[in-house]
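Q: Those letters in the sequence shown? Residues 3 to 756, per this note's numbering, in order.
Structure incoming, see below.
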Amino acid sequence: MEEDREAKLRELIEKYLQDASAQQKYQEKLEQRQESLPKLHRLVSQFVNGELNLSTFVPLLDKTTREQRHWGAAGTGFMMELNKLNKHHNSIETPLPEANLRDYIAHIDIENEGERIERFYHFLVQDRERLRREGKPGNTIVAPEKSAPIISLLGHWLYPERKLILYYPSVRYSIYMLLQAGLLPEGLQKGFKVAGKAIVVHEADDHQHCRAVFEYLVNVAPELDKPYAVEDFLQWLVEQSQKPRLVKQPDARDLDEEPEPPKEPQDNTAGETPQPVIPTIQDEALRPVPEEALARLLREVQRHVLVDEKLLRRFYHALLAGHVILTGPPGTGKTELARWVPEILWRSEGDEPTTTAYATRLVTATDDWSSRTLMGNLVPVSTESGIRYELRYGHLVSTIRHNWSVQEEDLITRANVMQRRLVSVVSSAGEKQQLYRGLWLVIDEFNRAPIDQALGDALTTLGGVSSLRVPTKAGSDELPVPKDFRIIGTLNSFDRNYLNQMSEALKRRFSFIEILPPPRSMRAAEQAIALYKALQRIQHLNPDVIELNEDGSLYWLDHVTIELDEDGHYQLQWDEVQQAFKQVFEAAWRLFEVIRVYRQLGTAQAIALFQHTLIPGLLQQYSTVEQWQEALDAALCDTIADQLQVLLPDEITVFLLYLNQVSGSFAPAFQRHLEELAGISPGRLMKHLLALGSVEQENGEPLLSEGEIDQIAAQIPPVVPSEKLARCFHLGEAVLPLPQFARRLRTFKAERGL
3 MEEDREAKLR ELIEKYLQDA SAQQKYQEKL EQRQESLPKL HRLVSQFVNG ELNLSTFVPL
63 LDKTTREQRH WGAAGTGFMM ELNKLNKHHN SIETPLPEAN LRDYIAHIDI ENEGERIERF
123 YHFLVQDRER LRREGKPGNT IVAPEKSAPI ISLLGHWLYP ERKLILYYPS VRYSIYMLLQ
183 AGLLPEGLQK GFKVAGKAIV VHEADDHQHC RAVFEYLVNV APELDKPYAV EDFLQWLVEQ
243 SQKPRLVKQP DARDLDEEPE PPKEPQDNTA GETPQPVIPT IQDEALRPVP EEALARLLRE
303 VQRHVLVDEK LLRRFYHALL AGHVILTGPP GTGKTELARW VPEILWRSEG DEPTTTAYAT
363 RLVTATDDWS SRTLMGNLVP VSTESGIRYE LRYGHLVSTI RHNWSVQEED LITRANVMQR
423 RLVSVVSSAG EKQQLYRGLW LVIDEFNRAP IDQALGDALT TLGGVSSLRV PTKAGSDELP
483 VPKDFRIIGT LNSFDRNYLN QMSEALKRRF SFIEILPPPR SMRAAEQAIA LYKALQRIQH
543 LNPDVIELNE DGSLYWLDHV TIELDEDGHY QLQWDEVQQA FKQVFEAAWR LFEVIRVYRQ
603 LGTAQAIALF QHTLIPGLLQ QYSTVEQWQE ALDAALCDTI ADQLQVLLPD EITVFLLYLN
663 QVSGSFAPAF QRHLEELAGI SPGRLMKHLL ALGSVEQENG EPLLSEGEID QIAAQIPPVV
723 PSEKLARCFH LGEAVLPLPQ FARRLRTFKA ERGL
């Protein structure tokens with residue numbers, strides 16, 4: 003057994019050694035690191051010897067690591083944590099962090115490396131409690147689990163000849179992968195602590211376990227006995243696992259498996275091969291999630307879609323009751339919610355967390371849908387011997403059948419073979435095939451299809467009947483509907499007239515949850531997730547400048563770092579080097595919130611806006627406000643302008659007043675505009691006041707209450723309090739010149755005026 007393990011591991015290492023691209027990258031990294039070591043050694047030595055204090059040392063090291071990116075130290079796992087240590091932990095009153103860091107690094111070697119990591123870890127745990135008592139937010143406190151990369155890197159730069167283990171995240175991930183694959187000797191498989199999908203290095207014993215693995219790898223392959231070679235092999239291992247799979251599922255025994263063929267993005271069950279070994283389960287009603295786990299899982303959903311927790315809970319409660327339709331403006335994340343909530347909220351702890359969760363099959367409705375689309379029918383197929391008929395199930399029937407162990411095309415209700423089973427499909431993240439408790443149907447763009455006609459007799463089933471009559475080759479038969487099966491639809495609320503076309507019978511069978519754009523009280527989190535996703539989408543254009551880290555954080559060189567806070571929301575930490583984009587970004591967000599007063603654009607539109615703004619700036623290395631401003635102007639025309647065409651001239655007028663304002667001119671001009679509307683069309687005046695009242699302030703209160711709206715509407719002339727206008731339209735803040743966008747708005751106003 004041990005010989006087999008070693009042979010498999012040796013074979014895997016041989017693949018790494020024969021990977022020409024990997025070896026070239028290793029050689030380049032080795033040369034670059036050796037070239038930069040003297041400068042880093044000098045810096046760390048000056049700090050340890052007391053020639054540099056922490057506040058001087060950290061900025062110098064920050065600058066150096068950004069210039070020498072082959073160390074992988076410029077991101078959130080190392081340099082950001084040192085910046086936190088300097089800015090928030092260390093001070094004249096509390097100099098202990100600086101003194102301790104010096105002490106932990108001085109005279110470090112491979113023998114005491116683990117002990118130094120452990121001491122720093124426990125110090126950070128204690129200091130975290132001190133800062134929490136002082137009211138410091140979590141995102142300003144150094145994460146104790148970062149002790150290993152901080153100590154190991156600083157120690158290596160101080161003593162490069164002592165062969166310390168550099169605790170990059172890839173080292174911890176890949177050792178975990180080797181453990182899971184059973185490629186380490188039994189004697190090395192014990193003692194590791196695991197968090198998520200990585201081993202933990204917090205204490206001296208953790209380090210000794212890792213040291214034993216490094217020594218074993220060198221023993222198996224002496225070719226790895228050179229600087230950074232084991233670390234590079236482990237990094238290569240992680241990269242291979244993302245191409246897309248390194249370890250088989252569910253039996254993780256082989257680290258060399260050919261990737262599966264790609265699957266259609268819209269239907270993650272199409273063409274699935276029956277898996278007779280998939281476990282069967284009991285057919286039970288949808289279970290509630292334990293409250294102690296629910297809050298954590300809701301935060302995980304918010305990593306993907308920024309929606310208020312109360313609204314997420316409403317959606318969750320509605321799913322416990324039955325089928326749901328998510329309504330709301332475009333871009334608010336309805337489709338993402340429909341897919342992520344079933345997959346995340348019902349996850350459990352353990353080795354197979356998705357076996358209690360639900361995958362989804364996403365289909366997009368079209369105007370040519372009929373009952374055949376959802377239910378199915380016999381279709382003629384031409385063969386050499388003539389015409390024959392095949393049974394083709396529709397979206398609804400096909401999805402329900404995936405929840406049952408049906409082996410034959412026309413076999414539906416024979417009790418001796420009909421059992422619930424786990425479903426094997428690709429996750430919403432598209433990472434790999436996983437086992438889920440069930441498969442639900444998500445119908446996107448509900449409003450595009452004649453849905454009453456398409457559902458047909460299935461309406462009765464949605465009302466609580468336990469089976470669905472479906473077509474078979476012999477005629478029809480009853481297909482049981484799983485007790486925990488759900489349909490989730492999404493509906494564009496800009497097409498509210500569609501609701502009037504839905505039958506009352508259909509409306510009774512669904513709960514309707516409205517998903518609106520995040521309020522201003524969630525501004526910081528929405529800004530961060532919008533910029534994160536925009537940068538993530540264009541990272542391939544310049545991966546040397548935009549760094550996506552293994553912990554999910556993102557770093558844009560000299561501009562911003564985006565990482566998750568303790569509540570699971572992304573947060574922005576702006577760099578002081580390049581401030582031009584920050585100024586334009588903040589001005590653009592103020593304009594975006596002004597537009598939302600009259601047109602409820604979702605976060606997706608903000609992502610598209612910044613994606614289009616960033617592309618030319620990234621490719622041409624913009625560095626001035628004027629350059630970014632011009633890019634924003636063009637992006638507004640390309641992504642936002644046409645969505646404002648539906649607005650009435652009096653609404654577009656407000657945008658033009660905002661864009662063309664000079665100091666103090668907006669408020670009186672807006673008041674005159676309302677006065678004119680009061681004389682021409684009191685109904686239009688009320689629309690404006692209701693729009694202002696729909697704005698939720700940072701404190702969660704509406705800008706105008708219903709009583710205030712009625713009071714202002716009754717005034718002659720109507721006057722909105724100046725402080726309310728200032729908060730709504732960000733008066734007093736800079737407004738960028740956007741000539742192209744303003745010109746488009748004037749054109750729309752003229753066209754609507756006709």
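Note that CB positions come from ideal geometry on N, CA and C, so glycine has one too.
#1: Looking at C-alpha atoms only, which residue of L19, A9 and G74 is the closest neighbour of L550?
#2: Report the CB separation of L461 from R363 in whole angstroms; it is logged as a contact under 8 Å.
#3: Looking only at its own chain, which residues have a Cβ that is under 7 Å from the Cβ of G729, when we skip the five neighbours before and after it?
#4: Ordered along the chain, which non-local residues of its own chain (more than five positions away) have a Cβ less than 6 Å from that of L299?
#5: Based on the DSSP output, what are the partners of D310 in its beta bridges?
#6: Could you tell me which residues DSSP puts in a beta bridge with H492?
#7: Given this structure, state the Cα-to-Cα distance separating S478 from Q647, to the nearest angstrom.
#8: Please report the straight-line C-alpha distance between Q191 and L219, rounded to a whole angstrom.
#9: Given that a residue counts as buried once 16 or more other Cβ atoms are within 10 Å of its Cβ, and exposed if not, what is H319?
#10: Whose C-beta lies closer than 7 Å to the C-beta of G396 among residues of the same chain, with five residues either side of it excluded?
#11: In whole angstroms, what is the alpha-carbon distance linking G52 and E100?
#12: Output the distance between the C-alpha atoms of Q607 and K535, rounded to the nearest integer angstrom.
#13: Is there contact between the stretch 616-632 and the stretch 662-674, where contact requires at least three CB pairs shorter than 8 Å?
#14: Are the beta-carbon atoms belonging to S426 and L437 less than 8 Å from one another?
#15: Give the single residue among V599, M688 and L687 whose Cα lies nearest to the Cα of V697.
#16: If distances are taken between C-alpha atoms only, which option among L533, R601, D546 and T605 comes closest to Q573?
#17: Between L186, I531 and R132, which has its C-alpha nearest F221's C-alpha?
#18: Could you say if the stretch 390-404 and the stretch 327-346 meet the contact criterion of at least three C-beta pairs nearer than 8 Å?
#19: Secondary structure at R289, three-state DSSP: helix, strand or coil?
#20: P704 by DSSP, collapsed to three states: which one?
#21: So, under 8 Å CB-CB, D635 and F743 are touching, yes? Tell me the CB distance rounded to an integer number of Å.
#22: So, V215 versus Y175, is the Cβ gap smaller than 8 Å?
#23: Would you give the residue range spanned by the beta strand (DSSP E) that L692 belongs to?
#24: In the stretch 503-589, which residue ranges form an unbroken beta strand (DSSP E) of at least 3 residues, counting only runs that do not cross its ends?
#25: Distance check for N701 and I515, CA to CA, integer angstroms please.
#26: Under the assumption that T66 contacts K86 (Cβ atoms under 8 Å), give the Cβ distance between them as a whole number of angstroms.
#27: Would you be able to state if there are at least three C-beta pairs under 8 Å between the stretch 330-344 and the stretch 476-495?
#28: Which one or two residues does DSSP pair with P452 in a beta bridge?
#29: Under a Cβ-count criterion, where at least 16 other Cβ atoms within 10 Å of its own Cβ denotes burial, should S23 be classed as buried or exposed?
#30: Which residue marks the beginning of the beta strand (DSSP E) containing G440, and which one marks its end?
#31: Could you spell out the range, first to last residue, of the alpha helix (DSSP H) harbouring G157?
#32: In whole angstroms, what separates the C-alpha of A590 from that of P452?
#33: For the 8 Å Cβ check, are there 3 or more pairs between the stretch 158-169 and the stretch 104-112?
#34: Write down every uninterrupted run of the beta strand (DSSP E) in the stretch 165-229 whose length is 3 residues or greater and which is fully enclosed by it, in chain order.
#35: Here's the rule: buried if 16 or more other CB atoms are within 10 angstroms of the residue's CB, otherwise exposed. What is T282?
#36: With distances taken from CA atoms, which of L84, Q538, I445 and E351 is nearest T492?
A: According to the structure data:
#1: G74
#2: About 20 Å; that fails the 8 Å criterion.
#3: The sequence shown places Arg at residue 729, not Gly. If we look at R729 and ignore the five residues flanking it on each side, its Cβ neighbours are Q699 and L705.
#4: I346 and L347
#5: The partner list for D310 (beta bridge, DSSP) is empty, contrary to what the question assumes.
#6: In the sequence under discussion, the amino acid at residue 492 is Thr, which differs from the His named in the question. The partner list for T492 (beta bridge, DSSP) reads L328.
#7: 49 Å
#8: 14 Å
#9: exposed
#10: R374, T375, L376, M377 and G378
#11: 10 Å
#12: 11 Å
#13: no
#14: yes
#15: V599
#16: L533
#17: The question names Phe, but residue 221 is Asn in the sequence shown. For N221, the nearest C-alpha among the options comes from L186.
#18: no
#19: coil
#20: strand
#21: 6 Å
#22: no
#23: Run containing L692: none in the beta strand (DSSP E); it sits in the alpha helix (DSSP H), P684 to G695.
#24: 512-516, 548-550, 556-558, 562-566 and 572-576
#25: 23 Å
#26: Wrong, their Cβ atoms sit about 18 Å apart, outside the cutoff.
#27: yes
#28: In the DSSP output, where bridge partners are listed per residue, P452 has none listed.
#29: exposed
#30: G440 to D446
#31: S149 to L160
#32: 39 Å
#33: yes
#34: none
#35: exposed
#36: I445
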